[in-house]
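Peer 1:
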Amino acid sequence: IKDKEDKIFEYTKHYLPENTVVELEDRTAILIEQIRNVIKRLIHMPDIGSKRVVLVLEADRMTDAAANCFLKTLEEPPLDTVFILTSSRPNSLLPTIRSRCQAVPLSY
Numbered sequence: 011i012k013d014k015e016d017k018i019f020e021y022t023k024h025y026l027p028e029n030t031v032v033e034l035e036d037r038t039a040i041l042i043e044q045i046r047n048v049i050k051r052l053i054h055m056p057d058i059g060s061k062r063v064v065l066v067l068e069a070d071r072m073t074d075a076a077a078n079c080f081l082k083t084l085e086e087p088p089l090d091t092v093f094i095l096t097s098s099r100p101n102s103l104l105p106t107i108r109s110r111c112q113a114v115p116l117s118y
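Just remember that the working numbering sits 10 ahead of the position in the sequence shown, which is counted from 1.
Structure follows, in structure tokens:
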């Protein structure tokens with residue numbers, strides 16, 4: 011899945027420069043503070059262009075606190091913002107997160 015994540019990131023970086031990536035950062039989980047930082051960034055309008063992409067790599071690794079914090083933003087996303095969550099274990103995501111996402115298989 012890492013190769014596919016890299017391709018998604020490169021595409022969004024080229025076409026949509028206001029992207030944000032959330033990743034493990036040498037940890038075993040995505041922490042609530044990382045999600046709070048993303049939400050803070052989304053309050054401001056984009057500097058370049060009108061669209062933003064938030065790419066959450068290995069989203070199933072969010073702590074329950076991080077996932078619950080992220081939930082309201084997924085329910086009411088900022089204008090012109092797209093969230094892409096990657097996961098090799100989508101059933102490990104909170105059901106409330108899964109219910110607000112559309113699955114797009116990336117297997118060849």
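Yeah, the Cβ is synthetic: ideal placement off N, Cα and C, and Gly gets one too.
1. Could you check which residue in L95, T83, C111 and R71 has the C-alpha nearest to that of R51?
2. Buried or exposed for E68, please, with buried defined as at least 16 other CB atoms from any protein chain shown within 10 angstroms of its CB.
3. Using the Cα positions of L116 and S98, report the straight-line distance between them to the nearest angstrom.
4. Output the boundary residues of the beta strand (DSSP E) element that contains P95.
5. What distance in whole Å lies between the Cβ atoms of I42 and L81, which are believed to be in contact at a cut-off of 8 Å?
6. Taking the alpha carbon of D90 as the point to measure from, which residue in H54, N101, T96 and L104 has its own alpha carbon closest?
7. Go ahead and label Q112 buried or exposed: buried means 16 or more other beta carbons lie within 10 angstroms of its beta carbon, across all protein chains shown.
8. I'd like the list of long-range same chain contacts for T38, defined as Cβ closer than 8 Å, with 5 residues on each side in sequence excluded.
Peer 2: Judging by the given coordinates:
1. As a first step, residue 51 must be located in the sequence shown, where it is residue number 41. Across the set L95, T83, C111 and R71, the C-alpha of T83 shows the shortest separation from the C-alpha of R51.
2. Along the sequence shown, one-based indexing puts residue 68 at 58. The residue is buried, with at least 16 neighbouring Cβ atoms inside 10 Å.
3. Locating residue 116 in the sequence shown gives position 106, where the first residue counts as 1. Locating residue 98 in the sequence shown gives position 88, where the first residue counts as 1. For L116 and S98, the gap between their C-alpha atoms comes out near 10 Å.
4. As a position in the sequence shown, residue 95 is number 85, starting the count at 1. Per the sequence presented here, residue 95 reads as Leu, with Pro not at that position. Looking at the DSSP string, the run of the beta strand (DSSP E) that includes L95 is T91 to L95.
5. The residue you call residue 81 lines up with position 71 of the sequence shown. The residue you call residue 42 lines up with position 32 of the sequence shown. That belief does not hold up - the Cβ atoms of L81 and I42 are roughly 12 Å apart, past 8 Å.
6. For the purposes of this step, residue 90 is taken as residue 80 along the sequence shown, with counting starting at 1. Of H54, N101, T96 and L104, the residue nearest in Cα terms is H54.
7. Within the sequence shown, the letter at position 102 stands for residue 112. In this structure Q112 is exposed. Its beta-carbon is surrounded by fewer than 16 other beta-carbon atoms within 10 angstroms.
8. Reading the sequence shown from its first residue, position 28 is the one you call residue 38. Excluding sequence neighbours, T38 sits near R71.
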